[in-house]
Amino acid sequence: MPNSRSSNESDNENFHDTPHWRQTMVNGFFNVLSEEAPKNHPQQVQNKRPLPRRQSSYRPKLPSSGPSERQLSAPYIEEIQPEQAGYDQSLDVSDTALLNPSHASEEQPRPSLRDHIRRTRLLNTIYRIITTHDREHLQYTEDFGTLVFSTPYTVPFLWAKTDNKGRKAPPVLFDALKLAITDSYNDERIHNWGIFRIELEYGDVKWVIKRTGFDFTSLYVNLKKGKNLPHIPRLPIGLVNTFKSMIRKTQQNRQATALQRRKNLENYLIELIKALKFSVAYELYEFLELSAVSITRDMGWKGKECYLDNKVERFRTPICSFRNSNEKWVKEWVIGIDRVLKLHDRVDIENSSRRIEIKGDTRNLTEFLESIETVKRTSPWVRQHRFDSYAPIRENAKIKWYVDGKDYFFAVSQAIMAAKVEIYIEDWWLSPELYLRRPPSKNEEYRLDKLLKKKAEEGVMIYIILYKEVKLALTLDSWHTKSCLQNLHHNIRVQRHPDHGPDGTVFWAHHEKMLIIDCKIAFIGGLDLCFGRYDTHQHELVDFDPNNDNPSIWPGQDYSNPRVKDFSNVADYNAEIVDKSRVPRMPWHDVSIGIVGQPARDVSRHFIQRWNFIKEEKAFEREKIPFLMPKGEYASARDESKFFGSCEVQLLRSSAYWSSGIELENSIYNAYCHLIRTSKHFIYIENQFFITATEKDPSYEIKNRIGECIVERIKKAHKDNEKFRIIVVMPLLPAFEADLNSKDAGTIRTVMHWQYVSICRGGKSILEKISEAGINPEDYISFFALRGYDEIHHHVGENDKERKSPSNSTSDINDESHSSNISKGKLSSIEDIETQETIQGHSLENTEDSFSDERQHFTNGRIGGEPAIPDSIKQMDSKQIYVTEEIYIHSKLMIVDDRFVICGSANLNDRSQLGDRDSEIAIIIEDKETFDTFMDGKEYKASKFAYTLRCNLFKEHLGLLELQDHSTVTKSCLPPLKPEALFELLHERDETVTSLLDDQISFQESKKHSKKGNLVVMDPLSDEFYNFWLKTAQNNTETYRSVFRCVPDDNVADWEQYKKFVPDPTKMYIGHVANPNASVEEVKKKLSNIRGNLVQFPTQFLNDENLLGSIISNAVTPSEIFT
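Per this note's numbering, the very first residue in the sequence shown carries number 46; after that it's consecutive.
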């Protein structure tokens, strides 16, 4: 982009250095044109008649509950949606004349014929005075695409060059420029002056400029005035005389003359570029509409580009009722690209944060207006999309799911290593000291901060957005994260948002989790890059004993149990916040998505919009924090064949003015409601929260009506006598530190209250509304959770070091040698299915991983325990090695009919769904590749993506997956690319740059699971499957109740029963075996009956108590915080 550092004074000085004869001639020339003489500096503002100044008006921008932002929404090219109602009528009305062709004459008076003749004569006069009189012919260019000869030393040479004003050249290599003059015509709006259409191409960017003969002559004059420039080629002879002769010639002669004229000018441009390729000539850059921004890789379509007077009016909240405004007219370089937001009825460009008024000469404005109209007509970012989303539907997308942290973090580490240009990260919490591969002792180079530092040293720019927490409520310490990362390298830039002052946001959070690599690979979902998230699908509750041969997996604060002790002073990351020898960790179950190609650029667009909004709001004057530019929609040279897949996807978000500077968008909520209403057979939901309303009631605290959609869909199924089922899996307890019966448990009991009134109590719950309609809720919807158990390593001694030999477990559900396998007696109904020949041979290839475990593993679980371990307990008997804990479900997932998947960061509550509260991102996926399966015993075409994801989750919860080793690499650990494509990305770098990866990407092939294991979960609507699922949950629940007496539990209806049911914490470790008289053999025998992690969600827990109690009267925060 042309540099604008020079002052007006320096321009005048340079102009006065010009010979007197040339000054007199040029001044006389521009006096004829009623314009000021140019000062050889494109940034110089000329004295033109200004447009009447538009009255500025303050527009307060507040979060609203209205429709989503239409400016950023439009139908995909395959999806025709109506435009916003009243869009054409919503354009601003101004007293200023419209700047379009039909009104151009109102802006500037039309020159007379005498002025026109004087102008043309003067052009020839100037040409004769300045040029020599030898008239040798120039060489003609050939077809479109004439390429200026390459010169290897052009780049370093130009880096050292400056023009006479001290300006360095933009990073433009004329060797890579292609051009051709393809057409010409006379424009009657400017007295039949000839207009030349010039097509240009630079890399993957193509554009068209329009120039008159006067523009060519002006370029020539300005270049001849310049100092330190080489010899400037002569203009084609008789350029102006050709214009006059056109009037008298026949049509055939006109065409021949026009063709000859275009060839002459094309040759002239090529010779001029060759002459100036080693010089800094801003006049040429402006003429060709070339700048550093417009030629950026992947910019795609480029429109008009020129200097124009503009005034930017930013919509800001007034201070003390006075509007702080310093908007002035400034002449700047203006570029039209395919990301203009909204066009009004004059040359004003406006979005929710600012209005830009533009003025200039009529022809430039007309061409700029044409570019904007092209954007409005063709860009997917200025029309409405399905679900009111900001993003269009993308076809042929390649998408990959990741269940739990082990696979996801490994894929993230490889994607980061593949970065060449830029990395974008946004997280609710980010821990720089997080190990992306385990065990840590063997993967020091894959600690997140070290990995980012290495990429920054390689020249990769890294931009990070962090949620700025309220310190009194959260212990995330985002300041530690920011300072730690920015101190690593100057290429790492971090912004935190929001501030919490009077104009800031206190209650809502930035909850998105995003990682984007070079705008080609993206990851979204529920997993932050922070402590406590790493896990395998067997969800261990304990860490390896560091005194044994097996290394530690969760170092320092990464070994956590928020129900017992929340994170504290996270900057001291090596400190252990709980006693590993007594307290089980809280396993973390989550789902994330990997994306490549165009959908990844849609994710990056959301990140860039948020980054620029924060920059505008908090760091506008800080040069170190740059504005970012999204990639173009159309880039001709972009080869994405290796990114092609079979999925149709669309990005969704919850976003509003406080979070992104836009009007409210709640497309995630719209998609949830739509998919539930239109579901045919089955819905599976995994979510961290379940808070929703079942009716429209403006006075009710809960606003989202996903629950109403569920109730109405079940009523319809009952009325139509359809077989329909919804399964919901959610945490047993919210992950807040406190004893449920303590005075400090206000937060956890409040969240539990709103969940229970959404599910089963209070008069407005889902189960109650279904029962009121005379329907048995159990026939249609059921709620479940996850729990596990493990062996904890307490005091280190000889007895503790004894290990059983590694178990060679398999996934065969008839193998009784492993605790997660299923007995034959429980499989009689499933075995009958195997006899059906039509369903034999089905297996899920590459959807699960095969691992060997180095120690005996007992399927995990946990209790929602109390926070303290009594110091009076000094010893544990042998049965106390068994511990339990809930597996915390953090997924934000819905699968519908084995066809559609919604996955992202959005919880099922008001905070995530309404749009103007927490900011979220999600994706809706429909795989067009089908899988032959069954639904309710009938043949069914399921989408492969949804089907394999659901089956993997079901088999994990039922204990039908192989054990997962921490160090083994399988296909499920890789980014969403084919291995060969990933290898190409990882090694597509300079040979001097070392890689942390091996030269080959090796991984262990997953073992195919038994046919019976797949048949168990194949048909989610069959009675055989549901009976097996339900019996597994019931059996596990009863076993945990018998051994550990863990809460929540359906047998505990009030606080008195709670005190009697929960073991005395002064006599028993929390989460350990409850019965002190039980023998080790008895405990071990009972636990051997547990299969998988599935348990029933206790809908009757504390049913006789008001969980809010005295909390409401003493509350200092509104109820919206918890809903």
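Backbone N, C-alpha and C define an ideal beta-carbon position, used for all residues, glycine too. Computed from a prediction, not measured in an experiment: that's the story for all the values here.
Please state the DSSP three-state secondary structure of residue i.
i: I707; result: coil
i: H634; result: strand
i: F323; result: coil
i: K1112; result: coil
i: G1058; result: helix
i: A303; result: helix
i: K251; result: strand
i: R279; result: coil
i: E693; result: strand
Would you list the one or two residues that DSSP bridges to residue i?
i: D540; result: Correcting the residue type first, residue 540 is Gln in the shown sequence and not Asp. Partner(s): I510.
i: H555; result: S964
i: D580; result: Paired residues: none, contrary to the question.
i: A225; result: E244
i: N606; result: K610
i: E836; result: Y927
When the distance is taken between beta carbons, is residue j closer than 8 Å to residue i?
i: P281; j: Y313; result: yes
i: E557; j: S936; result: no
i: M775; j: I934; result: yes
i: E971; j: K989; result: no
i: R698; j: E708; result: no
i: E782; j: Y618; result: no
i: N749; j: D624; result: no
i: W473; j: H555; result: yes
i: V636; j: G571; result: yes
i: I340; j: V217; result: yes
i: D1094; j: F1142; result: no
i: E930; j: L778; result: no
i: I510; j: W599; result: no
i: I751; j: L1066; result: no
Taking only the alpha-carbon atoms, compute the straight-line gap between residue i and residue j and give it to the nearest angstrom.
i: S957; j: L335; result: 43 Å
i: S1173; j: Q925; result: Given that the chain is displayed from residue 46 to residue 1168, the structure contains no residue 1173 and the question cannot be resolved.
i: V325; j: K210; result: 10 Å
i: S1087; j: V1107; result: 12 Å
i: A501; j: K495; result: 10 Å
i: F568; j: C718; result: 24 Å
i: R180; j: Q654; result: Here the model assigns R180 a pLDDT of 33, short of 50, so the residue's position is not dependable, and the following value carries that caveat. Cα to Cα, the separation comes out at about 55 Å.
i: R646; j: Y1103; result: 52 Å
i: Q459; j: K255; result: 47 Å
i: M939; j: F945; result: 8 Å
i: A301; j: S229; result: 12 Å
i: V420; j: F413; result: 11 Å
i: S1164; j: A780; result: 18 Å
i: C948; j: T993; result: 14 Å
i: G1137; j: P437; result: 40 Å
i: K986; j: M980; result: 9 Å
i: L268; j: I226; result: 21 Å
The beta strand (DSSP E) that contains residue i, what's its start and end?
i: W446; result: I444 to V448
i: G570; result: I566 to G570
i: I772; result: R770 to V774
i: V802; result: Not the beta strand (DSSP E): V802 falls in the alpha helix (DSSP H), residues G791 to I804.
What are the boundary residues of the alpha helix (DSSP H) that includes residue i?
i: N267; result: G258 to K270
i: Q1186; result: The structure shown does not extend to residue 1186, since the chain is modelled only from 46 to 1168, so the question has no answer here.
i: K527; result: S523 to Q531
i: C754; result: I751 to K764
i: I721; result: S712 to T723
i: Y992; result: K989 to L1003
i: L953; result: Looking at the DSSP string, L953 is not in any alpha helix (DSSP H), and its letter there is neither H nor E.
i: N1081; result: D1068 to F1089
Could you check whether the Cβ of residue i sits closer than 8 Å to any Cβ belonging to chain D?
i: R944; result: Looking at the structure shown, chain D is missing, and only one protein chain is on hand.
Does the ligand FMN have even one heavy atom less than 7 Å from the beta-carbon of residue i?
i: Y1085; result: Absent from the structure shown: the ligand FMN. Ligands present: none.
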